[in-house]
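Undergrad:
Chains as they are written, first to last, in the working numbering: chain A, 679 to 969; chain B, 68 to 481.
1) Can you tell me where the beta strand (DSSP E) with residue 425(B) in it begins and where it stops?
2) Checking contacts by CB at 8 Å: is residue 953(A) closer than that to chain B?
3) Using a Cβ-Cβ cut-off of 8 Å, state whether residue 107(B) counts as contacting chain A.
4) Taking DSSP as the reference, what is the three-state secondary structure of residue 736(A)?
5) Starting from residue 242(B), trace the alpha helix (DSSP H) both ways and give me its first and last residue.
6) Measuring only the C-alpha atoms, how far is residue 287(B) from residue 222(B)?
7) On the CB-based measure, 16 or more other CB atoms within 10 Å of its CB, does residue 713(A) come out buried or exposed?
8) Verify the CB distance criterion: does residue 801(A) have a CB-CB separation below 8 Å to chain B?
9) Helix, strand or coil: how does DSSP classify residue 904(A) here?
10) From residue 808(A) to residue 823(A), what distance separates their C-alpha atoms?
11) Using the DSSP secondary-structure output, state which residues sit across from residue 136(B) in a beta bridge.
12) Give the residues from the segment 255 to 281 of chain B that approach chain A closer than 7 Å (Cβ to any Cβ), ordered along the chain.
13) Against residue 312(B), what residues of chain A qualify as contacts under a CB-to-CB distance less than 9 Å, listed in chain order?
14) Excluding the five sequence neighbours on either side, which residues of its own chain have a C-beta within less than 7 Å of the C-beta of residue 446(B), listed in chain order?
15) Measuring CB to CB, does residue 705(A) end up less than 8 Å from residue 805(A)?
16) Any Cβ of chain C within less than 8 Å of the Cβ of residue 111(B)?
17) Whose C-alpha, out of 267(B), 271(B), 253(B), 229(B), is nearest the C-alpha of residue 241(B)?
18) Mind checking residue 449(B): buried by the 16 CB within 10 Å criterion, or exposed?
19) Does residue 971(A) come out as helix, strand or coil in the three-state DSSP assignment?
20) So which residues on chain B does residue 906(A) lean against when the C-beta distance must stay under 8 Å?
21) Around the C-beta of residue 471(B), are 16 or more other C-beta atoms found within 10 angstroms, so that it is buried, or is it exposed?
22) If you count every other CB in all the chains shown that lies within 10 Å of the CB of residue 232(B), and 16 or more means buried, which is it?
23) In the structure shown, what three-state DSSP assignment does residue 344(B) receive?
24) Which two residues bound the contiguous alpha helix (DSSP H) that contains residue 198(B)?
25) Which residues share a DSSP beta bridge with residue 270(B)?
26) Using a Cβ-Cβ cut-off of less than 8 Å, give me the residues of the segment 287 to 300 of chain B that come near chain A, in sequence order.
27) Kindly indicate which residue of 880(A), 878(A), 933(A) has the alpha-carbon position closest to the one of residue 951(A).
28) With which residues is residue 729(A) paired in a DSSP beta bridge?
29) From the DSSP output, in three-state form, read off residue 815(A) for me.
30) Could you tell me the distance, in whole angstroms, from the CA atom of residue 816(A) to the CA atom of residue 914(A)?
31) Taking the C-alpha atoms as reference points, what is the distance between residue 723(A) and residue 787(A)?
32) Can you list, in chain order, the residues of its chain with a C-beta nearer than 6 Å to that of residue 938(A)? Leave out the 5 residues immediately preceding and following it.
33) Helix, strand or coil, according to DSSP, for residue 264(B) in the structure here?
34) Drop a sphere of 10 angstroms on the beta-carbon of residue 257(B), count the other beta-carbons inside from all chains shown, and report buried for 16 or more, exposed for fewer.
35) Is there a Cβ of chain A sitting closer than 8 Å to that of residue 391(B), yes or no?
36) Could you tell me the alpha carbon to alpha carbon distance between residue 412(B) and residue 390(B), rounded to whole angstroms?
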């Protein structure tokens with residue numbers, strides 16, 4: 679099997695760029711599922727919602743979708759807080775979070791999808807940005823800006839989330855609530871408020887990730903379901919509750935997909951990706967960087 | 068009047084009433100249609116056309132003196148919903164006639180039921196569905212020809228072989244799904260027929276996010292031709308990737324579903340320059356499609372209101388034409404006997420908005436008439452430029468040809 683240099687380098691770059699995008703869509707799950715044990719299966723629906731919000735603003739006002747999504751992320755944050763409030767009062771408080779909570783999020787997934795369908799219709803939507811068709815060439819390696827810009831913003835966002843969690847007081851409270859809620863309560867902090875904040879943060883990241891999605895590929899309301907498997911896979915591969923792990927897991931899956939597509943045949947890409955996940959879990963069940 | 072007389076006249080009155088009620092009962096035509104899911108843009112466009120047809124027929128007094136009523140359900144572009152939809156239509160809604168939904172993936176699952184119930188089944192744009200079933204009451208309105216996979220790919224390969232010097236190698240690529248798999252089967256047969264060497268033959272999962280690794284792998288084989296069979300999301304992804312990577316080949320395209328309708332024409336715009344693809348209609352050859360412009364004007368008005376493909380060059384004319392075929396067959400046979408309808412449709416030629424239609428023994432068109440075109444000169448992302456002639460060169464079939472292919476592909480992206 680020969681690996682010509684140009685093809686190899688491009689495969690690595692393409693894999694990393696893709697991985698950056700996967701990290702953005704998965705970091706929210708890393709928080710809600712990895713740290714808070716909330717199985718938010720509706721996470722992809724919020725990504726798609728973010729895509730459509732970015733689409734409307736781009737369509738009406740011509741503003742850059744990624745910039746718009748960052749500016750509008752407080753809206754998604756508020757939505758996340760509301761959603762967690764409902765989830766907590768109806769399910770978590772009564773200890774019924776496992777099955778009924780899951781059903782609740784499934785319901786949210788479908789309702790969001792159908793509402794988007796009714797409002798926007800079924801056609802695929804795509805945005806045109808200043809950089810959509812620009813590709814930088816460094817030697818033999820291509821850097822399509824359509825993937826580079828989301829990559830840069832995504833990695834910044836993920837690193838930002840990690841720094842927030844590790845360095846700030848509230849961030850540390852989030853990590854603490856994942857470890858021992860009772861101890862947190864004894865220290866005078868309301869774990870429910872902390873979880874609400876963290877969940878809201880995860881939904882805010884979903885909104886921004888949605889803008890990346892629509893810059894990269896066409897979007898229609900039902901494609902959220904295709905990402906459910908991927909986001910949980912990245913979260914689990916990286917290690918539950920580890921943001922660095924999510925980033926690493928995303929890069930691993932992005933590279934696996936890119937290499938398989940380039941050298942062996944794209945049909946095998948999902949098999950290799952999930953095979954990698956299984957292999958990693960076989961050797962390290964807590965994930966690559968899990969505790 | 069004595070009691071017997073009273074009863075008899077009451078009975079007679081009831082009979083007359085029942086008979087007239089029967090005559091007033093609407094003629095129900097049932098089908099599943101993709102109103103949500105990946106192919107919903109097309110499904111909704113087809114539905115509008117069929118509704119326009121029903122309105123036109125009812126305005127002229129209906130069919131067999133009865134008002135035409137369309138009974139339909141959303142199949143969500145999901146094949147697993149299809150058997151239950153058609154069972155319901157036949158058993159519960161008791162429809163008089165059935166037609167198919169849109170697309171190979173949802174036509175095939177309905178076939179066993181049709182065969183069981185001996186229903187005449189007119190279908191909308193499925194590729195080579197009847198090849199495995201060999202059902203004698205199956206009909207297809209897509210003009211792919213009697214050997215659909217071959218007819219589908221004929222235009223691309225015939226045009227390729229007219230290039231000078233003759234191409235030697237071809238790369239085949241498509242999504243892992245029913246339609247692309249069948250189209251690529253046809254492409255392989257064409258490669259064999261023309262003596263081309265296949266240097267790349269792989270498929271990709273339909274939900275692939277980044278297509279550039281695939282395009283690079285194709286480029287590494289340096290093919291003279293690249294044949295792609297894809298559905299709308301991956302058509303867009305591949306066209307973008309091909310432009311980003313800067314694919315160098317003599318001819319690219321062939322079987323992309325998607326660029327036939329407005330959404331992708333406007334979203335991709337100039338990225339489509341140089342791509343060779345199939346189309347069902349082009350303004351350049353409107354003279355060959357009698358009365359189509361009137362229908363399109365009616366359709367386009369409604370489509371814009373309902374937020375569906377405003378161009379209507381792909382499914383809508385054929386969805387209307389398939390109903391016209393049924394209408395003429397029902398009028399000619401004077402009833403809804405499925406066997407008589409099938410016999411009539413196999414024997415005669417029909418006059419429709421898309422021209423004369425004649426079916427071969429396997430229910431496909433007797434002569435292929437899918438247009439092979441090349442897009443050129445597109446600038447910007449507006450729709451108006453597509454509505455008039457000038458952006459499309461028709462390369463095949465020969466009696467529709469308006470020009471020759473521009474090659475190589477990378478020089479035409481202007």
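Just so it is clear, CB atoms sit at the ideal spot from N, CA and C, and this is done for glycine as well.
TA: Taking the geometry as given:
1) Where residue 425(B) is concerned, there is no enclosing beta strand (DSSP E), given that its DSSP letter is neither H nor E.
2) no
3) yes
4) helix
5) Looking at the DSSP string, residue 242(B) is not in any alpha helix (DSSP H); the run it does join, the beta strand (DSSP E), is 236 to 242.
6) 26 Å
7) buried
8) yes
9) helix
10) 9 Å
11) 95(B)
12) 269, 270, 271, 272, 274, 275, 276, 277, 279, 280, 281
13) 688, 813, 820, 822
14) 337
15) no
16) Going by chain labels, chain C is absent from the structure shown, which instead holds the protein chains A and B.
17) 271(B)
18) exposed
19) Nothing in the structure corresponds to residue 971(A), since chain A is present only between 679 and 969.
20) Within 8 Å Cβ-Cβ: nothing; residue 906(A) doesn't reach chain B, min ~11 Å.
21) exposed
22) exposed
23) strand
24) 197 to 200
25) 241(B)
26) 287, 299, 300
27) 933(A)
28) BP columns for residue 729(A) are empty, so no partner.
29) strand
30) 35 Å
31) 5 Å
32) 946, 947, 950
33) strand
34) buried
35) no
36) 12 Å
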